[in-house]
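As structure tokens, the structure follows; a few thoughts come after it.
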Amino acid sequence: MAKVFEADIIIIGGGIGGCSAALAAAKSGKKVIVTEETKWIGGQLTSQAVPPDEHRWIEQFGCTQTYRQFRDRVRAYYKREYPLTSDARREQRLNPGNAWVSRIAHEPRVALNVIETMLAPYMSNGTITILKQHKMIDAEVEKDHILSVTVRDMVQKQRKILVGSYFLDATEIGDVLPHAGVEYVTGAESQEQTGEPNAHSGEAKPLDMQSITHCMAVDYVEGGDFTIEKPEQYDFWKDYQASFLDHKQLSWYGPDASTGESRPFSMFPGDSSAPSLWDYRRLIDPTNFEADFFEGGISILNWPQNDYWLGPVYEVDEEERERHLYGAKQLTLSLLYWLQTEAPREKGGYGYPGLRPRGDIVGTDDGLALHPYIRESRRIKAEHTVLEQHINADVRGDKGIKHVPDSVGVGSYWIDLHPTVETNRLFFAPSYPFEIPLGSMIPIRVENLIPAAKNIGVTHLTNGCFRLHPVEWNIGEAAGYLAAYALEHGRTPREIYHDEETLSTFQSFIVSEGIEIKWPEIGILE
328 MAKVFEADII IIGGGIGGCS AALAAAKSGK KVIVTEETKW IGGQLTSQAV
378 PPDEHRWIEQ FGCTQTYRQF RDRVRAYYKR EYPLTSDARR EQRLNPGNAW
428 VSRIAHEPRV ALNVIETMLA PYMSNGTITI LKQHKMIDAE VEKDHILSVT
478 VRDMVQKQRK ILVGSYFLDA TEIGDVLPHA GVEYVTGAES QEQTGEPNAH
528 SGEAKPLDMQ SITHCMAVDY VEGGDFTIEK PEQYDFWKDY QASFLDHKQL
578 SWYGPDASTG ESRPFSMFPG DSSAPSLWDY RRLIDPTNFE ADFFEGGISI
628 LNWPQNDYWL GPVYEVDEEE RERHLYGAKQ LTLSLLYWLQ TEAPREKGGY
678 GYPGLRPRGD IVGTDDGLAL HPYIRESRRI KAEHTVLEQH INADVRGDKG
728 IKHVPDSVGV GSYWIDLHPT VETNRLFFAP SYPFEIPLGS MIPIRVENLI
778 PAAKNIGVTH LTNGCFRLHP VEWNIGEAAG YLAAYALEHG RTPREIYHDE
828 ETLSTFQSFI VSEGIEIKWP EIGILE
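Numbered according to my numbering, the sequence shown spans residues 328 to 853.
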């Protein structure tokens, strides 16, 4: 028989949004249970091994206070625990990996340590309970309310029933939504549905989701030979060339995000004039550390070459899901094997056998991350849906930033869609900084479900800039405060959203807790 556990707020999913939601709810004095499928909380930052993607103003403004604390603590951890050079130790904006895609590229284990430290006081006093390696399998619903969710302990194979007043879906693919009968959409909407200029002109394509990537940690030891066993699907991937690309998958080319045309890359900085993939998502740059402390730099294989678009991993049966999850792993392993054995070297010869899988960096035996990076989730049908015309700079023209009266946070990133699994479409467009509407977090019907990750009311297109680390953190934090505030004041999230005075009071509260809800007016785009 399943055991019953009760809390004020149940959070399904221990990724970035789930952790920031738990912290917010606990700071508000509410008892919280968090479940997480993997053995690591932290999502993109940890189990998926994706260093932070952030906007260019992140060091000054444009994130919540707790996200800034997270970043500060990461830097402090390196300065306290690692033998940095004197120059690196003095660097206020230390970037451990000096990655060119991230201002604070760092190891997943450091992110895990920092997040757990931030949650530790509330775990110690029993306010937060975290159930790792637990997966949701069912929900009990009565009319417009979720009564409980059932999770399975993936190690002990036991079921647990979690009962609460509010349920936050912070999973990577919106797992709670289908189980609880919450209305949602997937894939690509049509122009007829959304009015978005760059949506599909024909019918909606609910399975046309962004590609996923199963990341991998590697370092490079000159002169070493760490060649892995030839992957099962290597021959397939070695010869594979997608119909929409002018180059093979395993090559020094990737699709240009704006045009889809083949774009050249190089392995290491200085190999050629082409951008280096090695320091694209590098976690450790040895030049930041005392001489010979690291044998070589440590980097993450999250490149154009291991984007997997052969099929979706949800809204399909279990057999197809597992096939594509396995295929994504095989693609990344095949990329590594190709790099070790057959990749053309700029100065002649083939292969970099000194590439070494670093499972210790990501908590696995083979170097593959604990969980794939899934860019696009199920998305609630919301009171308000964020559309392309609200944020696309090309569409908005000189209208600038769209301010929303119900803002509960801010974010900024390009509208960036990796190749999709059905039409293989890429899309890239400049966007204005945006504000996160509370209405996008209110389901059209269910009263006690709050999305807390990538599953808010956005579209296939606008998800392309709402999916990044500081935005997911902000969404989760706002969701945690919203649930706690609703309990404290006896108002539903919908009532808070629709009542102007209550909304204003709630916004004042989250601002006092360090959430920015407006972008500066002057100089934002200089």
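All residues carry an ideal CB built from backbone N, CA and C; glycine is no exception.
Would you kindly check if the distance between the Cβ of residue j and the Cβ of residue i is under 7 Å?
| i | j | result |
| --- | --- | --- |
| Ile455 | Ile701 | no |
| Val299 | Arg400 | Not covered by the structure: residue 299. The range shown for the chain is 328 to 853. |
| Pro778 | Ile837 | no |
| Pro671 | Tyr664 | no |
| Phe494 | Ile337 | yes |
| Ser767 | Asp634 | no |
| Ala531 | Gln520 | yes |
| Ala544 | Val331 | no |
| Glu642 | Thr513 | yes |
| Asp496 | Asn790 | no |
| Glu381 | Pro760 | no |
| Glu363 | Lys459 | yes |
| Asp573 | Ser585 | no |
| Ala348 | Ala709 | no |
| Leu695 | Lys656 | yes |
| Pro746 | Val509 | no |
| Arg479 | Ile431 | no |
| Arg650 | Val640 | no |
What span of residues does the alpha helix (DSSP H) with residue i cover, start to end?
| i | result |
| --- | --- |
| Ile555 | Taken as a continuous stretch (DSSP letters only), Ile555 belongs to no alpha helix (DSSP H), as it is neither H nor E. |
| Lys656 | Glu645 to Thr668 |
| Asp721 | Ala720 to Arg723 |
| Gly686 | Gly686 to Val689 |
| Pro448 | Pro435 to Ser451 |
| Ser347 | Ile343 to Lys354 |
| Ala281 | Residue 281 lies beyond the stretch modelled for the chain, which goes from 328 to 853, so this question has no answer here. |
| Ala771 | Position check: residue 771 holds Ile in this sequence, whereas Ala was assumed. No alpha helix (DSSP H) contains Ile771, which DSSP labels as neither H nor E. |
| Lys575 | Here Lys575 belongs to no alpha helix (DSSP H), and DSSP marks it neither H nor E. |
Just curious, the beta strand (DSSP E) that residue i is in, first and last residue?
| i | result |
| --- | --- |
| Tyr493 | Tyr493 to Asp496 |
| Glu843 | From DSSP, Glu843 is part of no beta strand (DSSP E); its letter is neither H nor E. |
| His472 | His472 to Asp480 |
| Ala544 | Met543 to Tyr547 |
| Ala756 | Phe754 to Ala756 |
| Leu628 | Ile625 to Leu628 |
Would you call residue i buried or exposed, if buried means 16 or more other Cβ atoms sit within 10 Å of its Cβ?
| i | result |
| --- | --- |
| Glu853 | Any answer about Glu853 is weak, because its pLDDT of 45 lies below 50 and its placement is not dependable; what the coordinates show is given next. Counting Cβ neighbours within 10 Å, Glu853 comes out exposed, since fewer than 16 surround it. |
| Val482 | exposed |
| Tyr653 | exposed |
| Ala618 | exposed |
| Ile464 | exposed |
| His730 | exposed |
| Asp743 | buried |
| Ser600 | exposed |
| Gly529 | exposed |
| Leu662 | buried |
| Ala403 | exposed |
| Glu469 | exposed |
| Ser839 | exposed |
| Thr540 | buried |
| Pro435 | buried |
Taking the alpha carbon of residue i as the point to measure from, which residue in the options has its own alpha carbon closest?
| i | options | result |
| --- | --- | --- |
| Leu814 | Ser492, Arg436 and Leu534 | Ser492 |
| Glu673 | Trp579, Gln632 and Lys484 | Trp579 |
| Lys366 | Ala709, His698, Val359 and Glu617 | His698 |
| Gly623 | Gly550, Gln576, Asp634 and Asp692 | Gly550 |
| His711 | Val785, Glu762 and Ala756 | Val785 |
| Ile360 | Asp743, Val490 and Gly581 | Val490 |
| Asn452 | Gly369, Lys357, Val503 and Met328 | Lys357 |
| Ser429 | Gly807, Arg436, Pro680 and Ala376 | Ala376 |
| Trp564 | Pro435, Leu577 and Phe571 | Leu577 |
| Leu372 | Trp741, Arg608 and Asp598 | Arg608 |
| Gly342 | Trp846, Thr829, Trp800 and Asp612 | Trp800 |
| Ile368 | Val437, Ile431, Ala352 and Trp384 | Val437 |
| Pro448 | Leu350, Gly522, Pro746 and Lys484 | Leu350 |
| Pro613 | Leu439, Ala415 and Cys542 | Ala415 |
| Thr412 | Gly675, Phe621 and Glu827 | Phe621 |
| Glu568 | Glu556, Pro582 and Glu559 | The residue you asked about is not Glu; residue 568 is Gln in the sequence shown. Minimum Cα distance to Gln568 is reached at Pro582. |
If residue i and residue j are in contact, beta carbons under 8 Å, what's the gap, nearest whole angstrom?
| i | j | result |
| --- | --- | --- |
| Tyr547 | Leu682 | 6 Å |
| Ser734 | Ile844 | 4 Å |
| Leu604 | Trp630 | 5 Å |
| Asn587 | Val748 | In the sequence as presented, Asn is not what sits at residue 587; that position holds Gly. Going by Cβ atoms, the distance from Gly587 to Val748 rounds to 16 Å, so no, they are not a contact pair. |
| Tyr824 | Leu765 | 5 Å |
| Arg821 | Glu774 | 7 Å |
| Pro423 | Leu610 | 7 Å |
| Asn525 | Phe755 | Actually they do not touch by this definition, with Cβ atoms about 10 Å apart. |
When you measure from the CB of residue i to every non-hydrogen atom of the ligand ADP, does any distance come out below 6 Å?
| i | result |
| --- | --- |
| Arg648 | Within the structure as shown, the ligand ADP is missing, as the structure has no ligands at all. |
Would you verify that the beta carbon of residue i is, or is not, closer than 7 Å to some beta carbon of chain C?
| i | result |
| --- | --- |
| Pro558 | Given the protein chain composition of this structure (a single chain), no chain C is represented. |
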